[in-house]
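Just so we're on the same page, the working numbering is the position in the sequence shown counted from 1, plus 2.
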Amino acid sequence: MLASAGMPTDVKKLADTALEAMEALVTVSPGDSKHLTALGYIGYLASLPWKKSAANKPDLQGVETILNKHVHDQGSRRKILEHLSGMFKDDYKKPRILVVDDERIALESLTYILEREDYTVVTARSGAEAIDKLKTSDIDLVITDLIMGEIDGTAIIQETISKYPGTRVIMITGYATVDTAVQALRMGAFHYIEKPVRVDDLLSSVKDALRQKYSNGKRNVLCFEGPSREAHISLGKMIAIALDRKFINMSLSEMKVESEVIGLGRTAEDARPGRIIDEIRLAGAADPLFMLEGLDTAAGDFSGDFSSVLMEALSPLRNRNFTDRYLDVPFDLSGVIFIVTAEDAENIQSPLRDILEVVKL
């Protein structure tokens, strides 16, 4: 089960270690309750849809037809369609990534990883060659080594930001040059990755950089505002069908304590996963349309910091590393389309309110 679950490398190692510990426990005391606890946890890890996608190419024309039929306000229709179109823009344009490194093996390794993920890769063996490629190619993202010859990664950042401001730059650097990489971030680089490069880190950073480029600074979570709960759910279901996504609907008014949202650690007597990760598991897909109802009234009876807890799942800057307390390892929620609902969005707490694209229905 673990071998076929599609877990990230780090999670797979943790699961294998937990399995070995459980096997040792069975040998010493086969009837121990800790055995069942460990077995339940390992089974839960294996049952999650780590990389399972339910979606094919989204039917945005179908979404537009639904909106034209059911949403009367033209401005609201346009907001929803623009938001969804921005999320899927990379599905229609195959991103072009410029990889720059003066070490042949490093250049070939990065190229292999990115082309395997279906990106178009342009390569350069020097800073001067990279600048020429920027002039002649339509580049969406630059991945560059920091320390090279006369024209290094810093010069490539300056050239990219000054002449191609829509193009993001990711630095690759050794541990000894981390301070220089931090300076590069201050100059405008999107991110830096330390050598040796881990595949999961590289692909996550690429995905985040492209998402930021395509979103163009827009807010990232739709909020349906209006009095009709039934209308919100109905519209969400129809959009999910058009986008070929599983549909999840969860009422936030039912959430009273943090553990219901993000779980309770395995050392606790009543350890359990939170509702968000469990709904993902039940849906069997890592990319559902997930509707969270009643965000404006949910925090009233909540014990704990409601905004901070929910931001871990909703914020595009955090949710690719969403960590349920029972799970205790990151699960990538960046493929989920979150839609929240509220009768009055003005009653939603900050910072949640700050990441919402409010649509009046």
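Backbone N, C-alpha and C define an ideal beta-carbon position, used for all residues, glycine too.
A quick note: this is a predicted structure, and the numbers were derived from the prediction, not measured.
Review point. Taking only runs of the alpha helix (DSSP H) that begin and end inside the stretch 92–127, which ones reach a length of at least 4 residues, in chain order?
Key: 106–118
**Study point:** Residues bridged to Ile159 (per DSSP)
**Key:** Here residue 159 corresponds to residue number 157 of the sequence shown, with the count starting at 1. Note: Ile159 sits in no beta bridge, so no partner.
Exercise for review: Go through its chain and collect everything with a Cβ distance to Tyr94's Cβ below 7 Å, but skip five positions before and after it.
Suggested key: Looking up residue 94 in the sequence shown gives position 92. Low per-residue confidence applies at Tyr94: pLDDT is 44, beneath 50, and the placement is therefore not dependable enough to give any value.
**Study point:** Unbroken beta strand (DSSP E) run spanning Arg170, endpoints
**Key:** Here residue 170 is taken as the residue at index 168 of the sequence shown, counted from 1. Counting along the chain, the beta strand (DSSP E) containing Arg170 begins and ends at Arg170 to Thr175.
Exercise for review: Take the Cβ of Arg188 as the centre, count every other Cβ of all protein chains shown within 10 Å, and call the residue buried at 16 or more, exposed below.
Suggested key: On the sequence shown, residue 188 is found 186 positions in, with the first residue counted as 1. Exposed, because fewer than 16 other Cβ atoms sit within 10 Å of the Cβ of Arg188.
Check your understanding: For the candidate residues Asn323, Thr269, Leu245 and Thr39, whose alpha-carbon lies nearest to that of Gln63?
Key -> Looking up residue 63 in the sequence shown gives position 61. Nearest option by C-alpha distance: Leu245.
Check your understanding: Apart from the five residues on each side of it in sequence, which residues of its chain come closer than 7 Å, Cβ to Cβ, to Leu16?
Key -> Start at 1 with the first residue of the sequence shown, and residue 16 comes out as number 14. Same-chain partners within the cutoff: Val331.
Check your understanding: If we count Cβ pairs, one from each stretch, closer than 8 Å, do we get three or more for the stretch 38–54 versus the stretch 222–232?
Key -> no
Review point. What's the gap between the Cα of Asp307 and the Cα of Glu260?
Key: Numbered from its first residue, the sequence shown carries residue 307 at position 305. Numbered from its first residue, the sequence shown carries residue 260 at position 258. Using only the alpha carbons, I get a separation of about 8 Å.
Check your understanding: Enumerated in chain order, which unbroken segments of the beta strand (DSSP E) with a length of 3 residues or greater are wholly contained in the stretch 176–244?
Key -> 193–196 and 223–227
Practice item. Check the DSSP bridge columns for Thr343 and list the partner residues they point to. Key: Counted from its first residue, the sequence shown places residue 343 at position 341. DSSP, once it has assigned bridges, lists Phe226 as partnering Thr343.
Practice item. Please go through the same chain and pick out, in chain order, the residues whose beta-carbon is closer than 7 Å to the beta-carbon of Arg98, but skip the five residues on each side of it. Key: In the sequence shown, the residue the question calls residue 98 occupies position 96. Excluding sequence neighbours, Arg98 sits near Thr122, Val124, Ser139, Asp140, Ile141 and Asp142.
Exercise for review: Could you give the DSSP three-state label for Phe90: helix, strand or coil?
Suggested key: Looking up residue 90 in the sequence shown gives position 88. If DSSP states are grouped into helix, strand and coil, Phe90 belongs with coil.
Exercise for review: Please report the Cβ distance between Met150 and Asp104, rounded to the nearest whole angstrom; I am assuming they are in contact, meaning their Cβ atoms lie under 8 Å.
Suggested key: Here residue 150 corresponds to residue number 148 of the sequence shown, with the count starting at 1. Here residue 104 corresponds to residue number 102 of the sequence shown, with the count starting at 1. Contact holds; Cβ gap of about 5 Å.
Review point. Alpha carbon to alpha carbon, what distance is there between Ile44 and Ala20?
Key: One-based indexing of the sequence shown puts residue 20 at position 18. One-based indexing of the sequence shown puts residue 44 at position 42. Spanning the two alpha carbons is a distance of roughly 7 Å.
**Study point:** Unbroken beta strand (DSSP E) run spanning Thr146, endpoints
**Key:** Sequence index remark: in the sequence shown, residue 146 carries index 144 (1-based). From DSSP, the beta strand (DSSP E) with Thr146 extends over Leu143 to Asp147.
Point to revise | Whole-number beta carbon distance between Met313 and Pro353, since they are thought to touch under 8 Å | key: Walking along the sequence shown from the start, residue 353 turns up at place 351. Walking along the sequence shown from the start, residue 313 turns up at place 311. Indeed, because the Cβ distance is near 6 Å, the residues count as touching under 8 Å.
Exercise for review: Run the CB neighbour count on His74, radius 10 Å, all protein chains shown included, and call it buried at 16 or more, exposed below.
Suggested key: For the purposes of this step, residue 74 is identified with residue 72 of the sequence shown, where counting begins at 1. When all chains shown are included, His74 counts as exposed.
Exercise for review: Indicate whether Ala315 and Asn323 have their beta-carbon atoms separated by less than 8 Å.
Suggested key: By one-based count along the sequence shown, residue 315 stands at place 313. By one-based count along the sequence shown, residue 323 stands at place 321. For Ala315 and Asn323, no; Cβs fall outside 8 Å.
Point to revise | Per-residue DSSP class, three states only, for Tyr62 | key: Along the sequence shown, read from residue 1 onward, the residue named residue 62 stands at position 60. Correcting the residue identity first, residue 62 is Leu in this sequence and not Tyr. DSSP places Leu62 in helix when its eight states are reduced to three.
Exercise for review: Go ahead and label Thr146 buried or exposed: buried means 16 or more other beta carbons lie within 10 angstroms of its beta carbon, across all protein chains shown.
Suggested key: Counting from one through the sequence shown, the residue named residue 146 turns up at place 144. By the neighbour-count rule (16 or more Cβ atoms within 10 Å), Thr146 is buried.
Exercise for review: Look at the alpha carbon of Ile195 and the alpha carbon of Ala300, and state the distance between them as a whole number of angstroms.
Suggested key: Position 193 of the sequence shown, counting from 1, holds the residue named residue 195. Position 298 of the sequence shown, counting from 1, holds the residue named residue 300. Spanning the two alpha carbons is a distance of roughly 38 Å.
Check your understanding: Should Ile241 and Leu291 be called a contact, given that it needs their Cβ atoms to be closer than 8 Å?
Key -> Taking the first residue of the sequence shown as position 1, residue 241 is located at position 239. Taking the first residue of the sequence shown as position 1, residue 291 is located at position 289. Yes, the pair counts as a contact, with Cβ atoms nearer than the cut-off.
**Study point:** Euclidean distance between Cα positions of Glu66 and Glu271
**Key:** Within the sequence shown, numbered from 1, the residue matching residue 66 stands at position 64. Within the sequence shown, numbered from 1, the residue matching residue 271 stands at position 269. Their Cα atoms are separated by approximately 49 Å.
Point to revise | Residues near Ala23 by beta carbon distance below 8 Å, same chain, minus five either side | key: Taking the sequence shown and counting its residues from 1, the one referred to as residue 23 is at position 21. Closer than 8 Å at the Cβ level, and outside the excluded window around Ala23, lie Ala40.
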